[in-house]
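Residue numbers (this note's numbering), protein chains in the order written: chain Y, 44 to 157; chain V, 144 to 260.
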Amino acid sequence: GNSVTQMEGPVTLSEEAFLTINCTYTATGYPSLFWYVQYPGEGLQLLLKATKADDKGSNKGFEATYRKETTSFHLEKGSVQVSDSAVYFCALSDSGAGSYQLTFGKGTKLSVIP
Amino acid sequence: GAVVSQHPSWVICKSGTSVKIECRSLDFQATTMFWYRQFPKQSLMLMATSNEGSKATYEQGVEKDKFLINHASLTLSTLTVTSAHPEDSSFYICSAFLSGTGVNGYTFGSGTRLTVV
Numbered sequence: 044g045n046s047v048t049q050m051e052g053p054v055t056l057s058e059e060a061f062l063t064i065n066c067t068y069t070a071t072g073y074p075s076l077f078w079y080v081q082y083p084g085e086g087l088q089l090l091l092k093a094t095k096a097d098d099k100g101s102n103k104g105f106e107a108t109y110r111k112e113t114t115s116f117h118l119e120k121g122s123v124q125v126s127d128s129a130v131y132f133c134a135l136s137d138s139g140a141g142s143y144q145l146t147f148g149k150g151t152k153l154s155v156i157p
Numbered sequence: 144g145a146v147v148s149q150h151p152s153w154v155i156c157k158s159g160t161s162v163k164i165e166c167r168s169l170d171f172q173a174t175t176m177f178w179y180r181q182f183p184k185q186s187l188m189l190m191a192t193s194n195e196g197s198k199a200t201y202e203q204g205v206e207k208d209k210f211l212i213n214h215a216s217l218t219l220s221t222l223t224v225t226s227a228h229p230e231d232s233s234f235y236i237c238s239a240f241l242s243g244t245g246v247n248g249y250t251f252g253s254g255t256r257l258t259v260v
């Protein structure tokens, strides 16, 4: 079956620090990969996505590259801000398996301190 | 962009009562809706998948008689927690999928915090 493993948090960084949140996956087909962000008390928002190997998703200074050889989709940001404090979820969709379900990682809580 | 409106955002109910959560797609027709449950500090657990006009498909371990899902129209799906108990307290999130839009088709509601006392 499909699964997503992401680094456990919480992660606490100072403002302007470099962020990396690791994510690896297993899938039966050729999945699309996503990063979602959840701010306190809210639902999920799509942060970025990649649909095929070597694609790079980017948004709001965040980046992630679809690495098929290492089955990874690590999230990075060069300089985090306090407003980036949230929970980040890595996810995959394997429509080739006949379903459009999203499989989520457990989430990584990021706290950015001034 | 596609928006899913989820209501209520929070609800407190007494044990034994039922609670209905609604998700509406505001500017598109959602052929497929997913319902998730999120425990504190944990990931989203898929509860069920519903397609308009047909019965929902429940994930293993989810009681379909307790968590009633109705997807009677292309713009509305509801989750009813029947005879709620304190262990049902959780954060419930719906997600709509618009077929034909590929990976852009997932849109999430803002979630409902259910507290059963």
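Note that beta-carbon positions come from the ideal geometry of N, C-alpha and C, so glycine has one too.
Enclosing beta strand (DSSP E) for Y:G52 [first to last residue]: No beta strand (DSSP E) contains Y:G52, which DSSP labels as neither H nor E.
Continuous beta strand (DSSP E) stretch holding Y:Y143: start and end: Unbroken run through Y:Y143: none, as it is neither H nor E.
Suppose the cutoff is 6 Å on Cβ atoms and the five residues either side in sequence are ignored; what does the same chain contact list for V:V147 look like? C166, S168, A239, T250 and G252
Could you tell me the alpha carbon to alpha carbon distance between V:H228 and V:E202, rounded to whole angstroms? 20 Å
Applying the criterion that 16 or more other CB atoms from any shown protein chain within 10 Å of the CB defines a buried residue, is Y:F116 buried or exposed? buried
In terms of residues, what are the limits of the beta strand (DSSP E) holding Y:F77? S75 to Q81
Please list, in chain order, all residues of the same chain as Y:F77 whose beta carbon is under 6 Å from its beta carbon, the five residues on each side excluded. K92 and A134
For V:E230, three-class secondary structure by DSSP: helix
Just how far apart, CA to CA, sit V:A230 and V:A145? First, the residue type needs correcting, since residue 230 of chain V is Glu and not Ala in the sequence shown. Those two C-alpha atoms are separated by around 33 Å.
Please list, in chain order, the chain Y residues whose beta carbon lies closer than 7 Å to that of V:S186. F132, F147, G148, K149 and G150
So, with DSSP's three-state summary, where would you put V:S161? coil
Taking C-beta to C-beta, are V:G159 and V:S232 nearer than 8 Å? no
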